[in-house]
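So the sequences go chain by chain: A and B. The first sequence begins at 1 in the UniProt record's numbering and counts up one residue at a time. The second sequence begins at 1 in the UniProt record's numbering and counts up one residue at a time. Read the structure below first, then the notes.
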Amino acid sequence: MIAIIKYWRGPLFWLALLLLAVFCMGQFEFLFRQLTPDAAEVIYHRESFAQLLLNHLLVVAVAACLAIIIGVLAGVVVTRSWGRDFLPLVSQVASIGQTFPPVAVLALSVPLLGFGDLPTIFALMLYGLLPVLRNTLAGLQGVAGSTLEAARGIGMSPLQVLLQVELALASPVILAGIRTSVTITIATAAIGSTIGASTLGNPVIAGLVNGNTAYVLQGAVLIGLLAVCVDSTFERIQHGLALRYGG
Amino acid sequence: MTSEPNRVVLTLALLALLIVCLGDFASVQANRIVPGQGLGLLAGLGWPWMTGIVVGLLGLAGLALRPTGRRYGLMLGLSGALLIQLPVALAWFIQQHISAEQPYARVGLAASCWSLLFIGALLLVELQQRVVAGRHWVKLILVLLFGVSWLLIGTGALAPLALLREYSSRSSTFWQLLYGHLSLVGGALLASLLIGLLVAWLILRVQPLQRPVFALLNFFQTIPSLALFGLLIAPLSYLSAHSPLLQQLNVRGIGWAPALLALIAYSLLPVVRNTCVALQGVAADVIESARGMGMSGWQVFTQVQLPLALPVIIEGVRITTIQAIGLTAVAALIGASGFGSFIFQGLGQGAMDLVLLGALPTIVLALLADALFSSLASWARAGVQR
């Protein structure tokens, strides 16, 4: 038990700070009062921080899950013998697509889907797909041909080779892609407030519109803590995976 | 030459055919406020034009069934023609549906026009690797596409396009925003190169610093842009309130100052990481033999290490620039000048054409930066091999 806590102490520390910030922001009213002495309200009250955090996580989770499923599937399909025709196009599109600024993709999904959570999820999914896809391709192509030969030689079916050899060996690289994807997704979901998604970006945007620096700071601290908390969790998972595969 | 069908081109051509037949080509709006009325290919362009596009796509699909070297050339030509006819088709559409007495009427691009553009681009990407000197042909097609568009815009034939209507009512702001966007990106790039190369030099000398420096730079990259911009507002406005010098420089809690600081913080990681990797990647025996030839330490650095490391360093600058172009658009939220202003204004007013006027130039800037630094890197790589 203690070993587990010790292993996860980084993420747990950030999680504790995040929860503290979410539930005890009101206790720090005197500090925020210093920032905006003239404002009528110094603590953002339009929605509760817990509600915003939950919705932010929901938007990110749905988008990231879709991105991971589609990205890994597409990566697998174009590296099979029957899908290999599409490999050059897909890998080129994955690298060109990453030059598109996330905020532009977010804005362009509004004419398609209107305002709200849905276009945000769509844009995040589309953009988050690229790092996952790119790393899946890199990971699968990095598996040595002799390894595949050997796996087939001991009588593994194509599905077994894929699941137990190729994806297993590629998993550290794929996980690195997922980490990049989730980092971008959390950051872009915050900007999603401008297209009507209800996320932790709301206090920041409201504060910028009303000139209330305290609101901005509260939103910024929460978004930052959330990002660091999730990223440090990924760091631990990657660390564990590297230990297991001796990487 | 294989006679297997090219399934990629086949799929793309049939997909384009489906969308072209079902989707609207463009829409007509009487003014900026009223909803537009979408028109399909037949209603919008008439049957001769529609037949041309359909035959072109069918021809593409047919050639893809039994591709040979020459047929790939034909396919590339057809794809190029499909793209280049788009601005002409739009001009024709405008002539058919907008009269000179409607100064506020505007034409918006609809599903089938966008997908022809998108699928055409995918076709070029797929075909450029199948044709001898494909890259150069694709460049020629792009030059022709932009040339034709430019010509039509110049004659005013495309003036009722919604995007151009938005532009013409804000043309001076547009160029100001371009200047603001470029100067923020350029400033951040310059500063992060100076600081980044210095930091890289330092941590290559003092190895124990490497871990903490990379941990810090990675930490910055993890913080979402909106959060970092927000976190900088309070301290900067405090500093500005207490320093007349900063006030004279127009450093305030919002505006260019927090944007530039955040951009530099984000830009440092790619620059420092790539510089370190590149300089460490120069093999020790290469340096040894350069010393053996009697080169001084400075000569080894400028004549051996730097040229060998340059392509990787430029790759870092490429990543930095693309990232900075996107982040500058976000920085419009904290009052920094850039194309983000149009995006967020448009979102606020529900004016999608204005959003487009901000988003498209941002994407174009990012693509141009990508092309520029990619060719710089390959030029540097070629220099090494000579």
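In this text, a Cβ means the ideal position worked out from N, Cα and C, and glycines have one as well.
In the DSSP assignment, find the unbroken alpha helix (DSSP H) run with residue i in it and report its ends.
i	result
G230 of chain B	S225 to A241
L89 of chain A	L87 to G97
V221 of chain A	T213 to R244
S267 of chain B	W256 to G281
Q323 of chain B	L306 to A331
L39 of chain B	Looking at the DSSP string, L39 of chain B is not in any alpha helix (DSSP H); the run it does join, the beta strand (DSSP E), is Q37 to L39.
D285 of chain B	A284 to G292
V110 of chain A	P102 to L113
D38 of chain A	Careful: D38 of chain A lies outside any alpha helix (DSSP H) and carries neither H nor E.
H136 of chain B	G134 to T155
I343 of chain B	G340 to Q349
Q51 of chain A	F49 to V77
Q164 of chain A	Counting along the chain, Q164 of chain A falls outside any alpha helix (DSSP H), and DSSP gives it neither H nor E.
E149 of chain A	G145 to G153
Since residue i meets chain A, which of its residues come closer than 7 Å, beta carbon to beta carbon?
i	result
G36 of chain B	In chain order: nothing, as chain A lies at least about 11 Å away.
V330 of chain B	V103 and I191
Q129 of chain B	P88
I322 of chain B	T99
I53 of chain B	Going along chain A, no residue has its Cβ under 7 Å from I53 of chain B, so there is no contact; the nearest lies around 22 Å.
S375 of chain B	None at all; the shortest Cβ gap to chain A is about 14 Å.
Just to make sure I have the definition right: I need the residues of chain A whose C-beta is within less than 9 Å of the C-beta of residue i. Which are they?
i	result
I233 of chain B	G207, L208, T213, V216, L217 and A220
Taking the straight line between their C-alpha atoms, what separation do you get for residue i and residue j?
i	j	result
V204 of chain A	K6 of chain A	34 Å
M1 of chain B	S95 of chain A	Because M1 of chain B sits at a pLDDT of 47, beneath the cut-off of 50, its placement in the model cannot be relied upon, and the following sentence gives the value as read from the coordinates. Each residue's alpha carbon lies about 28 Å from the other.
M1 of chain A	H239 of chain A	19 Å
L113 of chain A	C24 of chain A	36 Å
L57 of chain B	D85 of chain A	20 Å
I191 of chain A	I287 of chain B	48 Å
A242 of chain A	P172 of chain A	7 Å
G247 of chain A	L204 of chain B	With a pLDDT of only 49 at G247 of chain A, under 50, the local geometry of the prediction cannot be trusted, and no value is derived from it.
L152 of chain B	L327 of chain B	33 Å
P235 of chain B	A188 of chain B	20 Å
C229 of chain A	A366 of chain B	30 Å
P48 of chain B	A105 of chain B	25 Å
A206 of chain A	G219 of chain A	10 Å
L169 of chain A	V88 of chain B	51 Å
W8 of chain A	L17 of chain A	14 Å
L14 of chain B	Q164 of chain A	37 Å
Q349 of chain B	A123 of chain A	20 Å
I68 of chain A	L18 of chain B	29 Å
N274 of chain B	E4 of chain B	42 Å
L376 of chain B	P311 of chain B	8 Å
G211 of chain A	Y238 of chain B	14 Å
Residues of chain B with a CB under 7 Å from the CB of residue i: which are they?
i	result
D38 of chain A	None at all; the shortest Cβ gap to chain B is about 13 Å.
Q141 of chain A	By Cβ distance, chain B contributes nothing, its closest Cβ being about 17 Å from Q141 of chain A, past 7 Å.
F100 of chain A	I363 and A366
T183 of chain A	T222
A21 of chain A	Simply none; closest approach about 12 Å.
Grab me the residues of residue i's own chain with a C-beta within less than 7 Å of its C-beta, minus the 5 sequence neighbours each way, in chain order.
i	result
A64 of chain A	G128, S181, V182 and T185
L354 of chain B	E166, F342, Q345 and G346
L202 of chain B	L209
V72 of chain A	V132, T136 and I174
D24 of chain B	G38, L39, G40, A110, A111 and S112
L145 of chain B	L83 and I84
L116 of chain B	A16, V20, L82 and L86
G73 of chain B	V131
Can you name the start and end residues of the beta strand (DSSP E) that residue i belongs to?
i	result
residue 403 of chain B	Within the shown structure, residues of chain B are numbered from 1 to 386, placing residue 403 of chain B beyond reach of any answer.
Q29 of chain B	A26 to Q29
G83 of chain A	Counting along the chain, G83 of chain A falls outside any beta strand (DSSP E), and DSSP gives it neither H nor E.
Against residue i, what residues of chain A qualify as contacts under a CB-to-CB distance less than 8 Å, listed in chain order?
i	result
F301 of chain B	Those within 8 Å of F301 of chain B in chain A number zero; the least Cβ separation is about 32 Å.
L122 of chain B	L89 and V93
M352 of chain B	V110 and P111
S112 of chain B	None at all; the shortest Cβ gap to chain A is about 14 Å.
F344 of chain B	T194
Who pairs with residue i in a beta bridge, going by DSSP?
i	result
L161 of chain B	B:V107
Ordered along the chain, which non-local residues of its own chain (more than five positions away) have a Cβ less than 6 Å from that of residue i?
i	result
G177 of chain A	P131, V132 and N135
L10 of chain B	A61 and A64
Which same chain residues end up closer than 8 Å to residue i when comparing Cβ atoms and leaving out the 5 residues on each side of it in sequence?
i	result
Q160 of chain A	A151
A3 of chain A	none
V216 of chain A	P203, V204, G207 and L208
For a contact meaning CB atoms closer than 8 Å, what does residue i contact in chain B?
i	result
D85 of chain A	N6, R7 and V8
List, in chain order, every chain B residue whose beta-carbon is nearer than 9 Å to that of residue i.
i	result
G242 of chain A	At residue 242 of chain A the sequence reads Ala, which differs from the Gly that was named. Ordered by position in chain B, no residue passes the 9 Å Cβ test against A242 of chain A, which lies about 16 Å from the chain.
Taking 8 Å as the CB-CB cut-off, is residue i touching chain E?
i	result
S341 of chain B	Judged by its chain identifiers, the structure shown contains no chain E, and its protein chains are A and B.
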